[in-house]
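Protein chains in written order, with our numbering: chain R, 1 to 209; chain H, 210 to 418. Think of the CB as a built atom: it goes at the ideal place given N, C-alpha and C, for glycine as much as any other residue.
There are 2 protein chains.
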Amino acid sequence: MGTAAVVVVIFTVTHGELSVLLIERAAAPCRGQWALPGGVLRGEETLDGAASRKLADESGVSDVFLEQLFTFDHLAESTAGVVVAYFALVDVARTRLRPDLEWRPAWHPVRALPPLAFENERIIAYAEQRLRNKLEYTNVVYSLLPSRFTLTEMQRVYEAILGEAMDKRNFRRRVVGLGIVRETGSTRKLGAHRPAMLYEFTRREPMVL
Amino acid sequence: MGTAAVVVVIFTVTHGELSVLLIERAAAPCRGQWALPGGVLRGEETLDGAASRKLADESGVSDVFLEQLFTFDHLAESTAGVVVAYFALVDVARTRLRPDLEWRPAWHPVRALPPLAFENERIIAYAEQRLRNKLEYTNVVYSLLPSRFTLTEMQRVYEAILGEAMDKRNFRRRVVGLGIVRETGSTRKLGAHRPAMLYEFTRREPMVL
DNA sequence: ACAAAAGTGTTGAACCTACACCCATGC
DNA sequence: GCATGGGTGTAGGTTCAACACTTTTGT
Numbered sequence: 001m002g003t004a005a006v007v008v009v010i011f012t013v014t015h016g017e018l019s020v021l022l023i024e025r026a027a028a029p030c031r032g033q034w035a036l037p038g039g040v041l042r043g044e045e046t047l048d049g050a051a052s053r054k055l056a057d058e059s060g061v062s063d064v065f066l067e068q069l070f071t072f073d074h075l076a077e078s079t080a081g082v083v084v085a086y087f088a089l090v091d092v093a094r095t096r097l098r099p100d101l102e103w104r105p106a107w108h109p110v111r112a113l114p115p116l117a118f119e120n121e122r123i124i125a126y127a128e129q130r131l132r133n134k135l136e137y138t139n140v141v142y143s144l145l146p147s148r149f150t151l152t153e154m155q156r157v158y159e160a161i162l163g164e165a166m167d168k169r170n171f172r173r174r175v176v177g178l179g180i181v182r183e184t185g186s187t188r189k190l191g192a193h194r195p196a197m198l199y200e201f202t203r204r205e206p207m208v209l
Numbered sequence: 210m211g212t213a214a215v216v217v218v219i220f221t222v223t224h225g226e227l228s229v230l231l232i233e234r235a236a237a238p239c240r241g242q243w244a245l246p247g248g249v250l251r252g253e254e255t256l257d258g259a260a261s262r263k264l265a266d267e268s269g270v271s272d273v274f275l276e277q278l279f280t281f282d283h284l285a286e287s288t289a290g291v292v293v294a295y296f297a298l299v300d301v302a303r304t305r306l307r308p309d310l311e312w313r314p315a316w317h318p319v320r321a322l323p324p325l326a327f328e329n330e331r332i333i334a335y336a337e338q339r340l341r342n343k344l345e346y347t348n349v350v351y352s353l354l355p356s357r358f359t360l361t362e363m364q365r366v367y368e369a370i371l372g373e374a375m376d377k378r379n380f381r382r383r384v385v386g387l388g389i390v391r392e393t394g395s396t397r398k399l400g401a402h403r404p405a406m407l408y409e410f411t412r413r414e415p416m417v418l
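Right under this line is the structure:
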């Protein structure tokens with residue numbers, strides 16, 4: 001009851017849908033149900049350290065956007081006193097999920113979640129809200145895309161998260177005008193005679209616009 | 210080490226300055242130093258419940274803006290494993306500080322804090338930042354003012370927190386135009402023949418604009 | 001042929017900022 | 001008479017949202 005635990009909401013965008021990484025619990029309590037990756041703090045570990053470790057363990061990535069979200073208490077069926085939730089944004093192409101026989105991790109679209117243990121629905125809903133807010137006034141999306149990408153790909157990510165179509169010209173003007181991305185100079189070949197400009201983020205780290 | 214504690218950053222505006230409630234510690238550790246009100250969780254108490262209790266104990270008010278801020282760990286000299294910080298906004302006119310012989314509470318301007326225990330400077334700085342942000346896109350200021358007030362009084366609160374003078378006409382247009390305050394119809398007598406319009410918040414509860 | 005993705009400008013509305021003076025009162 | 005606080009309108013700039021068509025390729 002007195003111990004603190006950490007859970008991580010790991011988001012990605014894949015197949016045009018905002019998705020979250022869940023693991024199927026192989027042990028009690030809530031065996032067989034899906035839940036967010038997490039666990040109790042080890043020894044002298046810091047909260048950030050524990051979240052970062054969990055993220056790396058389950059998704060295989062580090063050096064991505066990872067931030068403390070909220071601290072929950074008295075979650076149903078939980079044995080931990082307080083649960084410090086984090087949220088992370090990863091480019092699905094860089095992840096390597098480990099299908100250990102049990103505890104196997106899988107991506108689930110946030111619009112179609114299975115039943116979850118420990119009221120994890122609340123945590124995910126809160127994280128999704130925060131993500132939508134941060135999209136508007138920060139460059140966090142850098143953490144969901146590869147280092148080079150077309151503006152249409154970037155726009156697809158925004159649309160998947162916000163759940164609404166955007167105007168292409170306004171979108172381009174905004175992201176280029178604010179200086180959050182710049183042209184790389186190189187292009188991607190779409191066909192024999194059709195180059196598409198590739199962009200990159202001016203900073204691959206959190207910034208407030 | 211495994212236990213969770215709660216601290217509360219209680220802000221008010223008085224004498225035109227943003228101030229925070231501190232207590233002088235009467236017991237070890239850090240006896241004699243100033244610190245934020247706080248303590249460990251009692252039994253089955255929730256985090257919100259503990260924060261609310263602390264707020265009421267030290268300031269005598271409830272039913273004000275109170276929100277979880279951030280969870281800190283490994284604070285210097287702290288015996289608690291994790292410290293869940295909250296922040297609250299109160300109208301100084303409604304508070305009743307209890308000058309118990311020891312642990313006596315007092316308001317301190319955030320621009321002139323005494324040396325603090327447990328790295329409480331960090332917590333206060335973080336809370337102040339969050340407060341400034343919330344001023345811009347919410348109506349949280351309702352919790353710093355009495356139920357009826359003049360627009361100049363309201364503007365003074367904004368100026369004290371943001372630390373910059375604002376244009377009176379633009380300010381009035383904004384707050385009335387956004388519908389966060391409305392005229393009450395009644396006035397305050399400034400002199401024999403000089404009424405000043407009193408305003409009230411359309412909602413005395415948190416709202417995002 | 002059709003669908004998918006890249007690319008490209010203009011216009012009107014809304015919003016934001018800067019700015020100056022009058023009046024009544026208390027000291 | 002001077003400082004304090006309430007009260008009032010406008011003009012210019014910036015930002016935002018809405019809007020349609022062309023090109024090339026793959027199926």
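Checklist entry - Any idea what DSSP makes of Arg397 of chain H, helix, strand or coil? => result strand
Next on the checklist: Determine whether the beta carbon atoms of Leu298 of chain H and Thr212 of chain H lie at a separation below 9 Å.
Outcome noted: no
Checklist entry - In whole angstroms, what separates the C-alpha of Gln240 of chain R from that of Thr46 of chain R? => result Nothing can be reported for residue 240 of chain R, as the shown portion of chain R is limited to 1 through 209.
Next on the checklist: Whole angstroms are fine: how far does the CA of Ser356 of chain H sit from the CA of Thr393 of chain H?
Outcome noted: 10 Å
Checklist entry - Alpha carbon to alpha carbon, how far is Met159 of chain H from Ala165 of chain R? => result In the structure as shown, chain H begins at 210 and stops at 418. Residue 159 of chain H is therefore absent and cannot be evaluated.
Next on the checklist: Looking at chain H, is there any beta carbon in it that lies within less than 9 Å of the beta carbon of Gln210 of chain R?
Outcome noted: Since the first and last residues shown for chain R are 1 and 209, residue 210 of chain R lies out of range.
Item to check | Residue-chain proximity (Gly179 of chain R, chain H), Cβ-Cβ < 9 Å | outcome: no
Next on the checklist: Report the CB separation of Arg305 of chain H from Pro314 of chain H in whole angstroms; it is logged as a contact under 8 Å.
Outcome noted: The Cβ separation is near 10 Å, so there is no contact.
Checklist entry - What residue does the beta strand (DSSP E) around Gln33 of chain R start on, and which one ends it? => result Following the DSSP letters along the chain, one finds Gln33 of chain R in no beta strand (DSSP E), marked with neither H nor E.
Next on the checklist: So within the stretch 110-139 of chain R, which uninterrupted beta strand (DSSP E) runs reach at least 3 residues, ignoring any that extend past its ends?
Outcome noted: At a cut-off of 3 residues, not a single continuous stretch assigned as beta strand (DSSP E) sits fully inside the stretch 110-139 of chain R.
Checklist entry - Looking at the C-beta of Gly16 of chain R, does it have a partner C-beta in chain H at a distance below 9 Å? => result no
Item to check | Near-chain H residues of the stretch 30-64 of chain R (beta-carbon distance less than 7 Å), N- to C-terminal order | outcome: Thr46, Leu47
Checklist entry - Between the beta-carbon of Ser78 of chain R and the beta-carbon of Ala5 of chain R, is there less than 9 Å? => result yes
Item to check | Among H:Leu353, H:Gly386, H:Ala294, H:Glu409, nearest to Leu227 of chain H - alpha-carbon criterion | outcome: H:Leu353
Next on the checklist: Can you look up Ile23 of chain R in the DSSP assignment and give me helix, strand or coil?
Outcome noted: strand
Checklist entry - Hey, is His317 of chain H's beta-carbon within less than 9 Å of any beta-carbon in chain R? => result no
Checklist entry - Should Val208 of chain R be labelled buried (16 or more other beta-carbon atoms within 10 Å of its own) or exposed? => result Residue environment: Val208 of chain R is assigned as exposed (fewer than 16 neighbouring CB atoms within 10 Å of its CB, all protein chains considered).
Next on the checklist: Going by C-alpha to C-alpha distance, which of R:Ser52, R:Arg25, R:Ala76 sits closest to Glu119 of chain R?
Outcome noted: R:Ala76
Item to check | Check whether Thr280 of chain H and Val20 of chain R have beta carbons under 9 Å apart | outcome: no
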